[in-house]
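Under the working numbering, think of the first position of the sequence shown as 1, with each following residue one higher.
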Amino acid sequence: MSRLLFLLALAVVGYYFYRTLIRRRTHNADHRTTRSLDVVRCHYCGLLVENDKALTHAGHHYCSREHMARDEAGST
Numbered sequence: 001m002s003r004l005l006f007l008l009a010l011a012v013v014g015y016y017f018y019r020t021l022i023r024r025r026t027h028n029a030d031h032r033t034t035r036s037l038d039v040v041r042c043h044y045c046g047l048l049v050e051n052d053k054a055l056t057h058a059g060h061h062y063c064s065r066e067h068m069a070r071d072e073a074g075s076t
């Protein structure tokens with residue numbers, strides 16, 4: 001009888017630690033995927049680009065050098 005109670009208590013404790021581990025992994029994964037990015041819109045084509053990857057010239061943001069040059073030249 002005492003062996004059965006011991007095994008039952010061991011199972012409950014194991015289940016508790018298992019649930020805690022799963023919750024911690026899920027919680028950490030949620031924080032990694034919800035990182036917000038600062039994005040800007042390309043002045044030429046309207047594409048959203050991360051702020052640190054965008055090219056900036058004369059107060060406008062561009063997704064590529066080609067779009068920056070085309071906008072400067074005034075051609076479409």
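Ideal Cβ positions, reconstructed from N, Cα and C, are used throughout, including at glycine.
Against chain D, with Cβ distances strictly below 8 Å, would residue i count as a contact?
i   : result
I22 : Among the protein chains of the structure shown there is no chain D, as only one such chain exists.
Closest to residue i by C-alpha separation, out of the options, would be which residue?
i   : options               : result
H43 : V12, R24, L21 and E66 : E66
R41 : M68, L10, V13 and G74 : M68
K53 : C45, G46, R23 and D38 : D38
M46 : L8, C63, L5 and T56   : Before going further, note that residue 46 is Gly rather than Met in the sequence given. Looking at the Cα atoms, C63 is the closest of the given residues.
Helix, strand or coil: which one does DSSP assign to residue i?
i   : result
H67 : helix
Y15 : helix
Going by DSSP, what residue range makes up the beta strand (DSSP E) through residue i?
i   : result
H61 : H60 to Y62
L55 : L55 to H57
L48 : L48 to E50
Using the beta-carbon count (16 or more within 10 Å), is residue i buried or exposed?
i   : result
Y16 : exposed
H61 : buried
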